[in-house]
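Chemist: The following block contains the structure, expressed as structure tokens.
Protein chains: 2
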Amino acid sequence: MDFEFKFEVTAVDPHTQARNGRFHTPHGIIETPVFAPVGTQATVKAIRPSDLHELGATLILSNTYHLYLRPGDELVKEMGGLHNFMQWDGPILTDSGGFQVFSLSDTRKIDADGVTFQSHHDGSRHRFTPESSIAIQENLGADIIMAFDECPPPNDYDYVKQSLTRTHPWLERSLAAKTRGDQALFGIVQGGVFADLRAESGRFVTSLDLPGYAIGGLAVGETKPQMHAVLDVLHPILPQNKPRYLMGVGAPEDLVNGVMRGVDIFDCVLPTRLARHGSAFVLGGRMNLRNAQFSNDPAPIDPHCTCYTCRHFSRAYLRHLVKANEILGHILLSTHNLHFLINLMQQMREAIRQGTLAQFGADFLQHYGE
Amino acid sequence: MDFEFKFEVTAVDPHTQARNGRFHTPHGIIETPVFAPVGTQATVKAIRPSDLHELGATLILSNTYHLYLRPGDELVKEMGGLHNFMQWDGPILTDSGGFQVFSLSDTRKIDADGVTFQSHHDGSRHRFTPESSIAIQENLGADIIMAFDECPPPNDYDYVKQSLTRTHPWLERSLAAKTRGDQALFGIVQGGVFADLRAESGRFVTSLDLPGYAIGGLAVGETKPQMHAVLDVLHPILPQNKPRYLMGVGAPEDLVNGVMRGVDIFDCVLPTRLARHGSAFVLGGRMNLRNAQFSNDPAPIDPHCTCYTCRHFSRAYLRHLVKANEILGHILLSTHNLHFLINLMQQMREAIRQGTLAQFGADFLQHYGE
């Protein structure tokens, strides 16, 4: 059964590159621009699927490397696929495993065919190739799957250039290995911080007719201006009628800057990771709930926020939970931080519809200082 | 403002000592017999207040020792009391701190006036007396507060007998120290496993006209027959028209045996603690989700259970979460285990209304083998 992964552009902002879209997947329509919470091990940490729905999440991401190692993609397949396993009936995206494997810098070995690596659990040896990554992602059964690529150190020109000679053939092999008709394979543009390499990679990747294109290798050490420059280089190269996914990016200011530069999809562990460290997104920057100044503060994190956490709980109580390392602290801060990003995307979608995104973005960036 | 802590007995089982009751508190009526989830640090671990409501919890317990040390009872008072602080609008019971302090066996010193102890956080020195325990509990502001008592080793006759000469004056001092009219002070019967000491303590404690009476010092090392014998000794001594609270007891079979022996209120950390260790209550005993046999088991913990966890998730997924130490595993297993006990109490309340508790209890105890 071949699914038609249609992307409809429903509104275009007159003053920026932003647009509203509807991306059709077998598990529902994703309204873009969208932020995808990350469920690394088949769970968005500390959040139940029903609460994700309530938060307004549509697309979530899960990780091929982690699920391959535990519980194993064959097991997930046997349990009816990732949607059934984790009981998320909305769209899911899986990464290719490449990023995690290349992060294991001490214990992995790259060759032209693939990567050999050691499990971070038990040191056991494994190998990923474009073919095995696609096979794993077919077992997991996400709606959107990613080509196997290398995420190189962004500032090393020679390495990045050389790396493209692996990543591009791997995209062709990923596409050739794909057998399921109900999964959208996105290609990934690499090229580090270098305009010429990004352009080269963008032209190659978009020479293949794919249902979507991703921008990889950012938020890994480059500066914000460098990130924006890469998006600006790619804007005219990436086709307007396909969704654009900026991988691993989720800081609020990056979402705003990304949307204004035409990005449709984002994902990041930041909101849930910050939460587990006791930090909350607020206009004006991050609020560290460990701070003693909040010990007797009866106000919620943000008096204007409508999330479950802010409707009920004081900073004083949240600080107590964080200091006591209580699970409820993780739950409540994760809830707030996810709501913050999902709500920000919703506001941007509305601003695009109204043609006012430039003003919205300027206001936001002025008030949101980290 | 003096609140009338009325206890109405609404049904009496014809074949056991069980009864249904309604205990009126400033934060609502508690239908008894009832199981109270424990929120040691002002949170029932891994469960949001709204989920506690959905689970059918009415009364919850919190701990004086822990809250005195962190965040401090003065702070909780400043934040509007425990109900407001933790956003639980139902009835709350606080213990006296005695049990926790006496558990610090290496670092506490008992005298006739009170107990000096060291904080388990930082080793700092503190002192509890009946007067200070009541003052702390008044700051916390629970609906039901407990007299300061000693929980002695249950099998040492001479020690337990001697301990009663402290605990009984401490009850009188607790009562004298009480200033608020909107909190019900319960006295605590001690006496270890010894019938004569339990009877002596029961007669002394009930000689004071209190809104409820607790049975302390059980589930701390005695056998099940010894626990039942203590309840049988106390049944004719405790007044019928006051609620009876069996402290710290919450294993399913103990709830059934306790209700059949006239107990109205229970509390225990067991359901949430077991959950964090990967175990679930089921008829037939406990299910350890770490067990490899569940790795590809598509069934829920209990196909007949109506909790959120069993309505959605397979044993295979729960095992994955437990093995991966994911917070969602704690959330889902805590949800199931609390539902199991709260639902068991609900079934027992219904059986008492129907006059069929003896049969229900016999059936349950036959099927629930640990």
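Protein sequences, first through last, are from chains A and B. First residue of the first sequence: 1, per my numbering; consecutive thereafter. First residue of the second sequence: 1001, per my numbering; consecutive thereafter. The C-beta atom is built at its ideal place from N, Cα and C for all residues, glycine as well.
Spatial neighbours of V9/A within its chain, please: CB distance less than 6 Å, with the 5 preceding and 5 following residues excluded, ordered by chain position.
Modeler: Walking along the first sequence from the start, residue 9/A turns up at place 9. Result list for V9/A: R19, G21, in chain order.
Chemist: Going by beta-carbon coordinates alone, are G361/A and V256/A separated by less than 9 Å?
Modeler: What you label residue 361/A is simply residue 361 of the first sequence in a count that begins at 1. What you label residue 256/A is simply residue 256 of the first sequence in a count that begins at 1. Closer than 9 Å, so yes.
Chemist: Could you tell me the distance, in whole angstroms, from the CA atom of G187/A to the CA atom of D51/A?
Modeler: Sequence index remark: in the first sequence, residue 187/A carries index 187 (1-based). Sequence index remark: in the first sequence, residue 51/A carries index 51 (1-based). Taking the straight line joining both Cα atoms gives about 31 Å.
Chemist: Could you list which residues in chain A have their beta carbon closer than 8 Å to that of Q1137/B, in chain order?
Modeler: The residue you call residue 1137/B lines up with position 137 of the second sequence. Near Q1137/B there are no residues of chain A at all, since even the closest Cβ is about 18 Å away, more than 8 Å.
Chemist: Taking the alpha carbon of F442/A as the reference point, which residue from P271/A, D297/A, I29/A has its own alpha carbon closest?
Modeler: It is not possible to answer for residue 442/A, since the shown part of chain A is limited to 1 through 370.
Chemist: Apply the 10 Å Cβ neighbour rule to D211/A and answer buried if 16 or more other Cβ atoms are within range, or exposed otherwise.
Modeler: Translated into the one-based positions of the first sequence, residue 211/A becomes position 211. Note on residue identity: the sequence assigns Pro, not Asp, to residue 211/A. Buried: at least 16 other Cβ atoms inside 10 Å.
Chemist: Measure the beta-carbon distance from L93/A to A36/A and round it to whole angstroms, keeping in mind my assumption that it falls under 8 Å.
Modeler: Residue 93/A sits at position 93 when you count from the first residue of the first sequence. Residue 36/A sits at position 36 when you count from the first residue of the first sequence. L93/A to A36/A, Cβ: 6 Å. Contact.
Chemist: Would you call the stretch 1081-1090 of chain B and the stretch 1112-1119 of chain B touching, i.e. three or more CB-CB distances under 8 Å?
Modeler: No, they do not touch.
Chemist: Compute the Euclidean distance between the alpha carbons of R311/A and G329/A, then round it to the nearest angstrom.
Modeler: The residue labelled residue 311/A in the question sits at position 311 within the first sequence. The residue labelled residue 329/A in the question sits at position 329 within the first sequence. Distance between the alpha carbons of R311/A and G329/A is about 15 Å.
Chemist: Could you check how far apart the C-beta atoms of H66/A and T40/A are, in whole angstroms? I think they sit under 8 Å.
Modeler: Looking up residue 66/A in the first sequence gives position 66. Looking up residue 40/A in the first sequence gives position 40. Correct: roughly 5 Å between the Cβ atoms.
Chemist: Relative to the C-alpha of V1205/B, which residue among T1167/B, K1178/B, A1184/B is closest?
Modeler: Numbered from 1 along the second sequence, position 205 holds the residue referred to as residue 1205/B. Closest by alpha carbon: T1167/B.
Chemist: May I have the straight-line CA-CA distance separating R1261/B from F1007/B, to the nearest angstrom?
Modeler: Taking the first residue of the second sequence as position 1, residue 1261/B is located at position 261. Taking the first residue of the second sequence as position 1, residue 1007/B is located at position 7. Going by the C-alpha atoms only, they are around 18 Å apart.
Chemist: Interface residues of chain C around Y1317/B at Cβ under 8 Å?
Modeler: Absent from the structure is chain C; the protein chains it does hold are A and B.
Chemist: By the criterion of Cβ-Cβ separation under 8 Å, what are the contact partners of A46/A in chain B?
Modeler: Mapped onto the first sequence, residue 46/A falls at position 46. In chain order: I1327, L1328, I1331.
Chemist: Figure out for me which residue from E1200/B, D1158/B, V1189/B, I1145/B has the closest Cα to the Cα of K1178/B.
Modeler: As a first step, residue 1178/B must be located in the second sequence, where it is residue number 178. Checked all of E1200/B, D1158/B, V1189/B, I1145/B; the closest Cα to K1178/B is I1145/B.
Chemist: Who are the neighbours of A1142/B on chain A, taking C-beta pairs under 9 Å?
Modeler: What you label residue 1142/B is simply residue 142 of the second sequence in a count that begins at 1. Residues of chain A passing the Cβ test: none, with the nearest at roughly 16 Å.
Chemist: G181/A and K77/A - do their beta-carbons sit closer together than 9 Å?
Modeler: As a first step, residue 77/A is located in the first sequence; it is residue number 77 there, counting from the start. As a first step, residue 181/A is located in the first sequence; it is residue number 181 there, counting from the start. Going by C-beta atoms, K77/A is not nearer than 9 Å to G181/A.
Chemist: Measure the alpha-carbon distance for G278/A versus L333/A and round it to whole angstroms.
Modeler: Working through the first sequence from its first residue, we reach residue 278/A at position 278. Working through the first sequence from its first residue, we reach residue 333/A at position 333. Taking the straight line joining both Cα atoms gives about 7 Å.
Chemist: List, in order along the chain, the chain A residues whose C-beta lies closer than 8 Å to that of N1296/B?
Modeler: The residue given as residue 1296/B occupies position 296 in the second sequence. Chain A residues near N1296/B: L75, E78, M79.
Chemist: Closer than 6 Å by C-beta to P1169/B: which residues in its own chain qualify, once you throw out the five before and the five after it? Chain order, please.
Modeler: One-based indexing of the second sequence puts residue 1169/B at position 169. Once the five neighbours on either side are set aside, P1169/B has no close Cβ partner at all.
Chemist: In chain B, which residues lie with their C-beta within 8 Å of the C-beta of S314/A?
Modeler: Within the first sequence, residue 314/A is the residue found at index 314, counting from 1. Under the 8 Å cutoff, chain B gives M1079, F1085.
Chemist: Please say whether I342/A and A46/A have beta carbons closer to each other than 9 Å?
Modeler: Position 46 of the first sequence, counted from the first residue, corresponds to residue 46/A. Position 342 of the first sequence, counted from the first residue, corresponds to residue 342/A. Going by C-beta atoms, A46/A is not nearer than 9 Å to I342/A.
Chemist: Starting from R1198/B, follow the alpha helix (DSSP H) in both directions and report where the run begins and ends.
Modeler: If you number the second sequence from 1, residue 1198/B lands on position 198. Taken as a continuous stretch (DSSP letters only), the alpha helix (DSSP H) holding R1198/B covers 1195-1206.
Chemist: Using 9 Å as the limit for Cβ to Cβ distance, is R1273/B near chain A?
Modeler: Counting from one through the second sequence, the residue named residue 1273/B turns up at place 273. Not closer than 9 Å to any Cβ of chain A, the Cβ of R1273/B fails to qualify, so no.
Chemist: Whole angstroms are fine: how far does the CA of D1302/B sit from the CA of V1012/B?
Modeler: For the purposes of this step, residue 1012/B is taken as the residue at position 12 of the second sequence. For the purposes of this step, residue 1302/B is taken as the residue at position 302 of the second sequence. Cα to Cα, V1012/B sits roughly 31 Å from D1302/B.
Chemist: CA-CA distance, S1379/B and N1296/B?
Modeler: The shown model of chain B, from 1001 to 1370, leaves out residue 1379/B, and the question about it has no answer.
Chemist: Note the first and the last residue of the continuous alpha helix (DSSP H) segment covering Q1366/B.
Modeler: Within the second sequence, residue 1366/B is the residue found at index 366, counting from 1. First-last of the alpha helix (DSSP H) with Q1366/B: 1357-1367.
Chemist: Alpha carbon to alpha carbon, how far is S1133/B from L1075/B? Give it in angstroms, no decimals.
Modeler: Residue numbering aside, residue 1075/B sits at position 75 when the second sequence is read from its first letter. Residue numbering aside, residue 1133/B sits at position 133 when the second sequence is read from its first letter. L1075/B and S1133/B: Cα-Cα distance of roughly 16 Å.
Chemist: Are E1200/B and G1191/B close, meaning C-beta to C-beta below 9 Å?
Modeler: Working through the second sequence from its first residue, we reach residue 1200/B at position 200. Working through the second sequence from its first residue, we reach residue 1191/B at position 191. Cβ atoms of E1200/B and G1191/B: closer than 9 Å.
Chemist: Considering only DSSP beta bridges, list what E1008/B is partnered with.
Modeler: Along the second sequence, read from residue 1 onward, the residue named residue 1008/B stands at position 8. Looking at the DSSP assignment, E1008/B forms a beta bridge with R1022/B.
Chemist: Is there a C-beta anywhere in chain A that falls below 9 Å from the one on R1070/B?
Modeler: Locating residue 1070/B in the second sequence gives position 70, counting from the first residue. Yes, R1070/B lies at the interface with chain A (some Cβ there is under 9 Å from its Cβ).
Chemist: Which value, in whole angstroms, describes the spacing of the CA atoms of L318/A and V101/A?
Modeler: As a first step, residue 318/A must be located in the first sequence, where it is residue number 318. As a first step, residue 101/A must be located in the first sequence, where it is residue number 101. Cα to Cα, the separation comes out at about 36 Å.
Chemist: Around the C-beta of G1221/B, are 16 or more other C-beta atoms found within 10 angstroms, so that it is buried, or is it exposed?
Modeler: Working through the second sequence from its first residue, we reach residue 1221/B at position 221. Classification of G1221/B: exposed, given that the 10 Å Cβ count is below 16.
Chemist: What would DSSP say about S133/A, mapped onto helix, strand or coil?
Modeler: Residue numbering aside, residue 133/A sits at position 133 when the first sequence is read from its first letter. Helix.
Chemist: Report yes or no: is there a C-beta of chain A within less than 9 Å of the C-beta of L1185/B?
Modeler: Translated into positions along the second sequence, residue 1185/B becomes position 185. No, its Cβ sits nowhere closer than 9 Å to a Cβ of chain A.
Chemist: Would H1320/B count as contacting chain A if we go by Cβ distances under 9 Å?
Modeler: The residue labelled residue 1320/B in the question sits at position 320 within the second sequence. For H1320/B, the answer is yes, since a Cβ of chain A falls inside 9 Å of its Cβ.
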